[in-house]
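Undergrad:
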Amino acid sequence: MSGVLFWVSCGPKENTNSLVGLAYSGSGRAQRRFKPCIRFVTGASAFSSAVTAEPLRSSEERVYEVVLKQAALVKEQSRGRKTALDFDKTYETDFNNVELLNAAYDRCGEVCAEYAKTFYLGTQLMTAERRKAIWAIYVWCRRTDELVDGPNASHITPTALDRWEQRLADVFEGRPYDMYDAALSHTVSKYPVDIQPFKDMIEGMRMDLSKSRYNNFDELYLYCYYVAGTVGLMSVPVMGIAPESKASTESIYNAALALGIANQLTNILRDVGEDARRGRVYLPQDELAQAGLSDDDIFRGKVTDKWRKFMKGQIKRARMFFDEAEKGVAELNSASRWPVWASLLLYRQILDSIEANDYNNFTKRAYVGKMKKLLSLPVAFGISLLGPQNLTKMVKR
1 MSGVLFWVSC GPKENTNSLV GLAYSGSGRA QRRFKPCIRF VTGASAFSSA
51 VTAEPLRSSE ERVYEVVLKQ AALVKEQSRG RKTALDFDKT YETDFNNVEL
101 LNAAYDRCGE VCAEYAKTFY LGTQLMTAER RKAIWAIYVW CRRTDELVDG
151 PNASHITPTA LDRWEQRLAD VFEGRPYDMY DAALSHTVSK YPVDIQPFKD
201 MIEGMRMDLS KSRYNNFDEL YLYCYYVAGT VGLMSVPVMG IAPESKASTE
251 SIYNAALALG IANQLTNILR DVGEDARRGR VYLPQDELAQ AGLSDDDIFR
301 GKVTDKWRKF MKGQIKRARM FFDEAEKGVA ELNSASRWPV WASLLLYRQI
351 LDSIEANDYN NFTKRAYVGK MKKLLSLPVA FGISLLGPQN LTKMVKR
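Residue numbering for the sequence shown follows UniProt numbering, starting at 1 and increasing by one per position.
1. Using a 10 Å radius around the Cβ and a threshold of 16 neighbouring Cβ atoms, would you call Q264 buried or exposed?
2. For the putative contact between Y221 and S59, defined by C-beta atoms under 8 angstroms, what is the C-beta separation to the nearest angstrom?
3. Mapping the DSSP letters down to three states, classify P284 as helix, strand or coil.
4. Tell me which residue opens and which closes the alpha helix (DSSP H) that A71 is part of.
5. Near S248, what residues of its chain come up, given a Cβ to Cβ distance below 7 angstroms and the 5 sequence neighbours on each side ignored?
6. Give the DSSP-derived three-state secondary structure of L121 in the structure shown.
7. Is the segment 303-319 touching the segment 221-240 in the sense that three or more CB pairs, one from each, lie closer than 8 angstroms?
8. List, from N- to C-terminal side, the alpha helix (DSSP H) runs of 4 residues or more that fit wholly inside the segment 220-245.
9. Since A291 and K302 should fall inside the 8 angstroms C-beta cutoff, what is the C-beta to C-beta distance between them, to a whole number of angstroms?
10. Which of the three DSSP states is assigned to Y214 in this structure?
11. Determine the closest residue to G240 out of D200, G150, S334, with distance taken between C-alpha atoms.
12. Compute the Euclidean distance between the alpha carbons of P243 and A255, then round it to the nearest angstrom.
13. Is it a yes or a no for the segment 118-128 touching the segment 168-182, going by three-plus beta-carbon pairs under 8 angstroms?
14. Are the CB atoms of A258 and A342 nearer to each other than 9 angstroms?
15. Please classify residue 481: does DSSP put it in a helix, a strand, or coil?
16. Taking V329 and L345 to be in contact with their CB atoms under 8 angstroms, please state how far apart those CB atoms are, rounded to whole angstroms.
17. Along the chain, which unbroken stretches of the alpha helix (DSSP H) at least 4 residues long are found entirely within the segment 293-344?
18. Smallest Cα separation from N215: which of I156, D106, A289?
19. Among W338, Y347, G382, Q349, which has the Cα closest to the Cα of Q124?
20. Report the option in M320, L161, E331, S210 whose CA atom is closest to the CA atom of G260.
21. Could you tell me how far apart the beta carbons of C108 and A128 are, in whole angstroms, since I believe they sit closer than 8 angstroms?
22. Can you tell me where the alpha helix (DSSP H) holding T363 begins and where it ends?
23. Any contact between the segment 155-163 and the segment 203-218? By contact I mean 3 or more CB pairs, one from each, below 8 angstroms.
24. Just to confirm, is the Cβ distance from K199 to E165 under 9 angstroms?
25. Going by alpha carbons, who is nearest to V74 out of L283, E274, V193?
26. Would you kindly work out how many angstroms separate the C-alpha atoms of N357 and A366, rounded to a whole number?
27. Under 9 angstroms between the Cβ atoms of R130 and V236?
28. In chain order, what residues of the same chain lie with their CB nearer than 6 angstroms to the CB of L332, ignoring the 5 residues before and after it?
29. Cα separation between V340 and D297?
30. Out of N360, E219, E287, I195, which one is the CA nearest neighbour of E274?
31. Taking its Cβ as the centre, do 16 or more other Cβ atoms sit within 10 Å of K246, making it buried, or is it exposed?
32. Tell me the residue span of the alpha helix (DSSP H) that contains residue 398.
33. Locate the alpha helix (DSSP H) running through I195, then write down its first and last residues.
34. By the DSSP assignment, the alpha helix (DSSP H) with S384 in it spans what residues?
35. My output table needs one value for R277: the three-state DSSP class, helix, strand or coil.
36. Which class does A128 belong to by DSSP, given the choice of helix, strand or coil?
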């Protein structure tokens, strides 16, 4: 179970053929056109993640190194302002063709509106530049997720992911293959967005191809970082940090990471039954054993007292990550807070729904109803303006 978590609950999958199936290259620098071509590079992956396996260090420690690197990219930038960096790169794409570029961003917005409605609504409060950049990142994440979790997932091989990673490198060097790539390429030329979280997300897709069990939470944490925590690191440079924020850049990035981890843990707890039917168990094996449970208990799908106790502990941990995430959301640029708060509140309610279902996540899917979603939006908006403590005080009056 991968699942893109763009600080938001994603909707049904879009057809992989429409988003991923074609690669394009341009016809020249003067005016970038998107003509079909075969551009994939075969061979071994160029992947060299900053979180490679080091047995003496925990996954959390290794991931934090990536957090520090991302924070360093924006430390010297003016907080809360539109960021423009010189990456010392030669971009082949003609970003002066405003008509083509706007069309690319508009299509990204259409995808976001169709498959992440709540998040799309929240992005309308952002400045036009930030909004378009977030759409571009969202679409890349969805396309990447669909490689292993979409309609054509059974045909995806490690070599295909290697090619996707090479394509990513081209996008960061200003050589987009299609209009979605062009929007992302333009985005990373404007904001201090590093390629490492994108590469790490692809590594998460590789894990989904080869790994269906996680021995302990350290392994699961790394997986959650790959497929969800990375998204927070990608988007903070675009969403921006509030000019009045006194928090360290590292702490804000760490909170963004925590929200991704919390969302993915929530997804895992919600989808236990669905994943089991696919032969997958994303729960830590050692913790299952300590609770007197095994994979067989999950495959049987019977709610027992042991299962309820185990699930209470798993939900408690997910909520701890949500608590950590809250500290950073308040430090974001004011126009960027609403969609993030909406995501946080909605995903927390999924945990409430699991509890309301008496921890039966085998045959009952926990979800947040439309009315609760609608009620959450004004609450999230109020929190984004006033902060959770001030909003609580106003409600009590």
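Idealized CB from N, CA, C, for every residue including glycine.
Note that the structure is predicted; figures quoted are calculated from it, not measured.
TA: Concretely, from the data shown:
1. What you label residue 264 is simply residue 264 of the sequence shown in a count that begins at 1. The residue in question, Q264, is buried, as its Cβ has 16 or more Cβ neighbours within 10 Å.
2. Position 221 of the sequence shown holds residue 221. Position 59 of the sequence shown holds residue 59. With 8 angstroms as the limit, Y221 and S59 qualify as a contact, their Cβ atoms being about 5 angstroms apart.
3. Taking the first residue of the sequence shown as position 1, residue 284 is located at position 284. P284: strand per DSSP, three-state reduction.
4. Counted from its first residue, the sequence shown places residue 71 at position 71. Per DSSP, the continuous alpha helix (DSSP H) segment holding A71 begins and ends at 59-74.
5. Translated into the one-based positions of the sequence shown, residue 248 becomes position 248. None.
6. Along the sequence shown, read from residue 1 onward, the residue named residue 121 stands at position 121. The three-state reading of DSSP puts L121 in helix, counting H, G and I together.
7. no
8. 230-239
9. As a first step, residue 291 is located in the sequence shown; it is residue number 291 there, counting from the start. As a first step, residue 302 is located in the sequence shown; it is residue number 302 there, counting from the start. Not a contact, Cβ separation roughly 14 angstroms.
10. In the sequence shown, counting from the first residue as 1, residue 214 sits at position 214. Y214 falls in the strand class under three-state DSSP.
11. For the purposes of this step, residue 240 is taken as the residue at position 240 of the sequence shown. Measuring from the Cα of G240, the nearest candidate turns out to be S334.
12. By one-based count along the sequence shown, residue 243 stands at place 243. By one-based count along the sequence shown, residue 255 stands at place 255. Between P243 and A255, the C-alpha separation is close to 17 angstroms.
13. no
14. Position 258 of the sequence shown, counted from the start, is the residue given in the question as residue 258. Position 342 of the sequence shown, counted from the start, is the residue given in the question as residue 342. Contact flag unset, no.
15. Outside the shown range of the chain, which is 1 to 397, sits residue 481, and nothing can be said about it.
16. Numbered from its first residue, the sequence shown carries residue 329 at position 329. Numbered from its first residue, the sequence shown carries residue 345 at position 345. About 10 angstroms separates the two Cβ atoms, so there is no contact after all.
17. When DSSP assignments are scanned along the segment 293-344, the uninterrupted stretches of alpha helix (DSSP H) that are 4 or more residues long and fall wholly within it turn out to be 295-300, 305-329.
18. Position 215 of the sequence shown, counting from 1, holds the residue named residue 215. Per the Cα distances, A289.
19. Taking the first residue of the sequence shown as position 1, residue 124 is located at position 124. The shortest C-alpha separation from Q124 is found at W338.
20. As a working note, residue 260 is residue 260 in the sequence shown. For the residues M320, L161, E331, S210, the minimum Cα distance to G260 belongs to M320.
21. Along the sequence shown, read from residue 1 onward, the residue named residue 108 stands at position 108. Along the sequence shown, read from residue 1 onward, the residue named residue 128 stands at position 128. With a Cβ gap of about 13 angstroms, C108 and A128 do not count as contacting.
22. In the sequence shown, the residue the question calls residue 363 occupies position 363. Segment: none, T363 is in no alpha helix (DSSP H) and carries neither H nor E.
23. yes
24. Stepping through the sequence shown from its first residue, residue 199 is reached at position 199. Stepping through the sequence shown from its first residue, residue 165 is reached at position 165. Against a cut-off of 9 angstroms, the Cβ pair of E165 and K199 comes out as a contact.
25. Looking up residue 74 in the sequence shown gives position 74. It is V193.
26. Residue mapping note: residue 357 aligns to position 357 of the sequence shown, counting from 1. Residue mapping note: residue 366 aligns to position 366 of the sequence shown, counting from 1. Those two C-alpha atoms are separated by around 7 angstroms.
27. Sequence index remark: in the sequence shown, residue 130 carries index 130 (1-based). Sequence index remark: in the sequence shown, residue 236 carries index 236 (1-based). Taking 9 angstroms as the Cβ cut-off, R130 and V236 do not qualify as a contacting pair.
28. On the sequence shown, position 332 is the one that residue 332 refers to. Correct list, in chain order: M239.
29. Along the sequence shown, read from residue 1 onward, the residue named residue 340 stands at position 340. Along the sequence shown, read from residue 1 onward, the residue named residue 297 stands at position 297. Looking at the two C-alpha atoms, the distance is approximately 36 angstroms.
30. Translated into positions along the sequence shown, residue 274 becomes position 274. Minimum Cα distance to E274 is reached at N360.
31. For the purposes of this step, residue 246 is identified with residue 246 of the sequence shown, where counting begins at 1. Exposed is the call here.
32. No answer is possible for residue 398: the residues shown for the chain start at 1 and end at 397.
33. Against the sequence shown, residue 195 aligns to sequence position 195. Looking at the DSSP string, I195 is not in any alpha helix (DSSP H), and its letter there is neither H nor E.
34. The residue given as residue 384 occupies position 384 in the sequence shown. Taken as a continuous stretch (DSSP letters only), the alpha helix (DSSP H) holding S384 covers 370-386.
35. Along the sequence shown, read from residue 1 onward, the residue named residue 277 stands at position 277. Residue state, collapsed to three classes: coil.
36. The residue given as residue 128 occupies position 128 in the sequence shown. Helix at A128.
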